[in-house]
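K.L.:
Residue numbers -17 to -1, 1 to 138, in mature numbering (1 follows the signal peptide of the UniProt record, and there is no 0), belong to the letters of the sequence shown in order.
Just so it is clear, CB atoms sit at the ideal spot from N, CA and C, and this is done for glycine as well.
Remember, predicted model here, so these are calculated numbers, not experimental data.
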Amino acid sequence: MLKALVIFFGLLALCNAASLGTRDTSNATVVCQSEDELWGGEDIRKFYFCLDGAVITDECDPGYYFVNNATICGCLPSSLMKPSCVNLDTKVPDCSASSKMQPQACDDVASFYLCTSEGAKELPCPDGKAFVDQDGYLGCFDWTEWRSLRNCVDG
């Protein structure tokens, strides 16, 4: 029963992703890894699948992250993710004191807040990067390094 449910939701996600996805041009996923399963990459928001031999990229909704392990394959809400892989309990900075002087984490791990004369603005990291503010590291890092710094590794 569980296997049938997982297959059903996988097919549902495939159909939805096929209608919304885009053909991937990044080097990391130019080859189909599976003809009948979704797979993820370093960017925990994105997932991939094959359609007619082409890799299709899709992304989880905001606040959801892609997981593919022995028990689940799909987009999970941040509350069910490993805490080091998500930003829980973040808030818009008040732009006073130390928050005025440096970028701050926001809910989306690939974005950050920056204080301006107009208040806090949410800005995205460049494609292929995620924001880190811990252990002396501050800024947008590529996903591989971000995973290492945040201890967001599989297993």
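1. How is residue 182 classed by DSSP in three states: helix, strand or coil?
2. Cutting at 7 Å between CB atoms, please list the residues of its own chain near residue 88, excluding the five before and the five after it.
3. Using beta-carbon positions only, say whether residue 76 and residue 103 come within less than 7 Å of one another.
4. Rounded to whole angstroms, what is the Cα-Cα separation between residue 129 and residue 62?
5. Would the beta-carbon of residue 41 fall within 7 Å of that of residue 49?
6. For residue 80, does the count of other Cβ atoms within 10 angstroms reach 16, so buried, or fall short, so exposed?
7. For residue 93, does the count of other Cβ atoms within 10 angstroms reach 16, so buried, or fall short, so exposed?
8. Quick one: is residue 39 buried, meaning 16 or more other Cβ sit within 10 Å of its Cβ, or exposed?
9. Starting from residue 34, follow the beta strand (DSSP E) in both directions and report where the run begins and ends.
10. Specify the secondary structure class of residue 100 as computed by DSSP and reduced to three states.
11. Using DSSP with H/G/I as helix, E/B as strand and the rest coil, what is residue 127?
12. Taking just the CA atoms, how far does residue 45 sit from residue 36?
13. Check whether the Cβ atoms of residue 126 and residue 26 sit closer than 7 Å, and answer yes or no.
14. Return helix, strand or coil for residue 60, following the three-state DSSP convention.
P.N.:
Looking at the coordinates:
1. Given a span of -17 to 138 for the chain in the structure shown, any question on residue 182 remains unanswerable.
2. Position 105 of the sequence shown, counted from the start, is the residue given in the question as residue 88. Hits under 7 Å: 70, 73, 95, 114, 116.
3. Position 93 of the sequence shown, counted from the first residue, corresponds to residue 76. Position 120 of the sequence shown, counted from the first residue, corresponds to residue 103. Taking 7 Å as the Cβ cut-off, residue 76 and residue 103 qualify as a contacting pair.
4. For this step, residue 129 is matched to residue 146 along the sequence shown. For this step, residue 62 is matched to residue 79 along the sequence shown. Straight through space, the alpha carbons of residue 62 and residue 129 are spaced by roughly 20 Å.
5. Counting from one through the sequence shown, the residue named residue 41 turns up at place 58. Counting from one through the sequence shown, the residue named residue 49 turns up at place 66. Contact: no.
6. In the sequence shown, residue 80 corresponds to position 97, counting from 1. Answer is exposed; the Cβ neighbour count stays below 16.
7. Residue mapping note: residue 93 aligns to position 110 of the sequence shown, counting from 1. Label assigned to residue 93: buried.
8. Position 56 of the sequence shown holds residue 39. That one is buried.
9. What you label residue 34 is simply residue 51 of the sequence shown in a count that begins at 1. Its beta strand (DSSP E) spans residues 29 to 34.
10. Looking up residue 100 in the sequence shown gives position 117. DSSP places residue 100 in coil when its eight states are reduced to three.
11. Taking the first residue of the sequence shown as position 1, residue 127 is located at position 144. It is helical.
12. Indexing the sequence shown from 1 puts residue 36 at position 53. Indexing the sequence shown from 1 puts residue 45 at position 62. Spanning the two alpha carbons is a distance of roughly 28 Å.
13. Looking up residue 126 in the sequence shown gives position 143. Looking up residue 26 in the sequence shown gives position 43. Taking 7 Å as the Cβ cut-off, residue 126 and residue 26 qualify as a contacting pair.
14. Within the sequence shown, the letter at position 77 stands for residue 60. Strand at residue 60.
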